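Before any comments, here is the structure.
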Amino acid sequence: MDEAVRLLQADNVVAIPTETVYGLAANAFSDRAVTRIYACKNRPLFNPLIIHFKDLGEIQKIVVCSAYARQLANYFWPGPLTLVLPLQDQVPLSPLCSAGLSTLAVRIPAHPLALKLLERLPFPLAAPSANPSTFLSPTCAEHVITAFKGQVPLLDGGECPKGLESTILDVSGEKPLLLRQGAIPRKALEEVLGMPLLSPLKMEKVPLIKAPGQLLKHYAPSKPLRMNVKTPLPGEGFLTFGPLHPSHSPCLTLSESGNLEEAASTFFKRLHQLDLLPIEGIAVAPLPEEGLGEALNDRLRRASYKAAPS
Ligand code: TXA
Ligand code: MG
Numbered sequence: 002m003d004e005a006v007r008l009l010q011a012d013n014v015v016a017i018p019t020e021t022v023y024g025l026a027a028n029a030f031s032d033r034a035v036t037r038i039y040a041c042k043n044r045p046l047f048n049p050l051i052i053h054f055k056d057l058g059e060i061q062k063i064v065v066c067s068a069y070a071r072q073l074a075n076y077f078w079p080g081p082l083t084l085v086l087p088l089q090d091q092v093p094l095s096p097l098c099s100a101g102l103s104t105l106a107v108r109i110p111a112h113p114l115a116l117k118l119l120e121r122l123p124f125p126l127a128a129p130s131a132n133p134s135t136f137l138s139p140t141c142a143e144h145v146i147t148a149f150k151g152q153v154p155l156l157d158g159g160e161c162p163k164g165l166e167s168t169i170l171d172v173s174g175e176k177p178l179l180l181r182q183g184a185i186p187r188k189a190l191e192e193v194l195g196m197p198l199l200s201p202l203k204m205e206k207v208p209l210i211k212a213p214g215q216l217l218k219h220y221a222p223s224k225p226l227r228m229n230v231k232t233p234l235p236g237e238g239f240l241t242f243g244p245l246h247p248s249h250s251p252c253l254t255l256s257e258s259g260n261l262e263e264a265a266s267t268f269f270k271r272l273h274q275l276d277l278l279p280i281e282g283i284a285v286a287p288l289p290e291e292g293l294g295e296a297l298n299d300r301l302r303r304a305s306y307k308a309a310p311s
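As structure tokens, then:
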């Protein structure tokens, strides 16, 4: 922890645990530090970052919170909800964080180590998921070490309890807009807001300006991936939801009992495991399009996306 504080104060990046996935963190007030995040991830500079704060007071110094944004914040923070809010003028934030947009994505993470770190720093932390751009998100220290070949300093907090990124809600306008499904299911948000959210964005309708990071190819293992598969092909690794396949090998399950929360927490771990096996591709069984299943199916669609030949 002391070393992480020292490194972050000197504008370095440090991989840190959050309740969702590991983040690649750096001082959000420093151009030099934020530039290092983009370089390390090989992330396009037009894809803005989520900024992590220790409390709502600090957030309100940087963005403008509407009444309903505050209501969501009070209910879900600390926790896996990211809110996109209008930036105030004249803030000390590096403009690289928002990639030049007039809005900023913010959240208060619920992981005790992340909060302890934020308490000790005089600045918030910009932190995208700690993986090279477009690849699988890391849910344990080993994933980070493998992805960056041990070259990134790491605060090891064990396995991330949620295992799935935060849900992103754009609350900068009159109506909340679900930009990314994630660890908080849509229904839970709708209950607190007392209104239905605009229907989850289907891939082809993703407005690029609103969510530059919602790239069609994302969260991808290095092997080709097929979703909604009932019968895997020989040579494919099979990922089931429920019991293992009686005869296909290799086969792993997201949740033996068919529990979606467990499936969310094992999702990236299982894909990392399969990706390391000597197989030709990954086949994933159908997942219900409800609750956290919506977020998992969204990630599978992006992971299996193939650009049309141009
Ligand atoms: O759970 C999480 O959210 C993790 C942990 C580390 O906090 N972080 C994470 O960050 O998933 P990242 O960079 O992998 O995903 C952030 C997403 C991107 O798709 C980005 O485009 C979007 O947030 N985003 C950031 N700022 C935005 C903004 N102002 N408007 C719209 N989308 C924004
Ligand atoms: Mg990411």
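With the first letter of the sequence shown counted as 1, position 33 gets the number 34 in my numbering; the numbers rise by one all the way through.
We treat Cβ as the ideally placed atom computed from N, Cα and C, and that holds for glycine.
The structure displayed is predicted, hence computed values, not measured ones.
CB contact flag (residue i, residue j, <8 Å)
i: Arg181; j: Leu198; result: no
i: Leu226; j: Ala304; result: yes
i: Phe269; j: Ser138; result: yes
i: Ser167; j: Thr254; result: no
i: Val64; j: Gln91; result: no
i: Leu25; j: Pro154; result: no
i: Leu301; j: Gly294; result: no
i: Pro129; j: Ala148; result: no
i: Gly238; j: Leu179; result: no
i: Ala131; j: Ala34; result: no
i: Val193; j: Gln61; result: no
Selection from the options that minimises the alpha carbon distance to residue i
i: His273; options: Ile109, Asp90, Ile146; result: Ile146
i: Tyr69; options: Phe77, Ile63, Lys62; result: Phe77
i: Leu86; options: Leu165, Asn75, Leu97, Arg108; result: Arg108
i: Ala5; options: Glu120, Ala40, Lys42; result: Glu120
i: Cys397; options: Leu240, Ala34, Leu278, Ile38; result: Examination of residue 397 is not possible in this model, given that the chain is present from 2 through 311 alone.
i: Leu122; options: Ser250, Ala286, Ala11; result: Ala11
i: Asp56; options: Ile38, Lys231, Pro79, Leu102; result: Pro79
i: His144; options: Tyr23, Ile283, Asp171, Glu281; result: Tyr23
i: Glu160; options: Asp32, His112, Ala74; result: His112
Cβ shell of residue i (< 8 Å), same chain only, five flanking positions each side left out
i: Phe30; result: Pro93, Leu94, Ser95, Phe124, Pro125
i: Asp157; result: Pro18, Ala142
i: Ser313; result: This structure does not reach residue 313, given that the chain is present from 2 up to 311, and the question cannot be answered.
i: Ser258; result: Gly243
Integer Cβ distance of residue i from residue j, believed to fall under 8 Å
i: Met2; j: Leu118; result: 7 Å
i: Ala184; j: Ala27; result: Wrong, their Cβ atoms sit about 23 Å apart, outside the cutoff.
i: Ala284; j: Leu245; result: No, Ala284 and Leu245 are not in contact; Cβ-Cβ is about 13 Å, not under 8 Å.
Sequence-distant residues of its chain with Cβ nearer than 6 Å to residue i (five each side left out)
i: Pro213; result: For Pro213, the predicted structure reports a pLDDT of 44, less than 50, and the residue's modelled location is therefore unreliable. A value from the coordinates is still provided. Excluding sequence neighbours, Pro213 sits near Phe47, Asn48.
i: Ile210; result: Confidence is the limiting factor: at Ile210 the pLDDT is only 41, short of 50, which leaves the residue's position unreliable and the question unanswerable from this model.
i: Lys163; result: Glu20, Thr21, Pro81, Ala184
i: Pro208; result: A caution first: Pro208 carries a pLDDT of 47, below 50, which makes its placement in the model too unreliable to give a value.
i: Thr232; result: none
Any non-hydrogen atom of the ligand NAP closer than 7 Å to residue i Cβ
i: His53; result: As far as ligands go, the structure on display features the ligand TXA and the ligand MG and does not contain the ligand NAP.
8 Å Cβ cutoff, residue i in contact with chain B
i: Ile146; result: Annotation note: the requested chain B is absent from the structure, which comprises a single protein chain.
Checklist entry - Which residue spans inside the region 26-75 form an unbroken beta strand (DSSP E) run of at least 3? => result 51-53
Checklist entry - Which ranges would you report for the alpha helix (DSSP H) in the region 140-182 if only whole runs of at least 4 residues count? => result 142-148
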